[in-house]
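What follows is a set of notes on a single structure, which appears directly below.
In full-length UniProt numbering, the protein residues as written are 1 to 151.
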């Protein structure tokens, strides 16, 4: 599949986030701003920055493949809305309402209820839309969680 996308002119940029177990902890506070994420190591190199920023400047689709990729790139946004290189740590928690700066599309799997990951995709796509997709996935017996089907 990746080769076919490459033939069609899709560029790929690799970023890294070393996921910690805290990512999968349920959110147990009512006020989401009080939830604390564990810090996770991230790396965004110069090649990825160049590819992604060129896409942004040329108004191309920038698609984050996975919530970890999304959190990584959103953790390194410049004041001008472009991506910065980063070799460090993030504890960024993305939840509604949130204005995404880098990616304008995302592919991810179906996440557990009350998870930070579900809240991130709700911030991206809208809570009602995500809940409708989840109801359809349940009806159609999609697989959920980290090794499940994608949405």
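The beta carbon of each residue, even a glycine, is placed where N, CA and C say it ideally should be.
Distance from the CA atom of residue 122 to the CA atom of residue 31, rounded to whole angstroms, is 16 Å. Ranking 48, 126, 19 by CA distance to the CA of residue 85 puts 48 first. In this structure, the beta-carbon distance from residue 16 to residue 43 falls below 7 Å.
The three-state reading of DSSP puts residue 1 in coil, since its state is none of H, G, I, E or B.
Short of 8 Å from the beta carbon of residue 2, and not among the five residues preceding or following it, lie these beta carbons of its own chain, in chain order: 12. Collapsing the DSSP output to three states places residue 131 in a helix.
Taking the C-beta atoms as reference points, residue 106 is found nearer than 7 Å to residue 64. By the 16-neighbour rule on beta-carbons within 10 angstroms, residue 52 is buried.
Contact between the stretch 75-91 and the stretch 107-118 is absent, with fewer than three C-beta pairs closer than 8 Å. Counting along the chain, no beta strand (DSSP E) covers residue 70; the unbroken alpha helix (DSSP H) around it starts and ends at 67-74. Remark: three or more beta-carbon pairs, one from each stretch, lie closer than 8 Å, so the stretch 64-76 and the stretch 94-102 are flagged as touching. Taking each of 79, 78, 142, 124 in turn and checking the Cα distance to residue 96, the smallest one comes out for 124.
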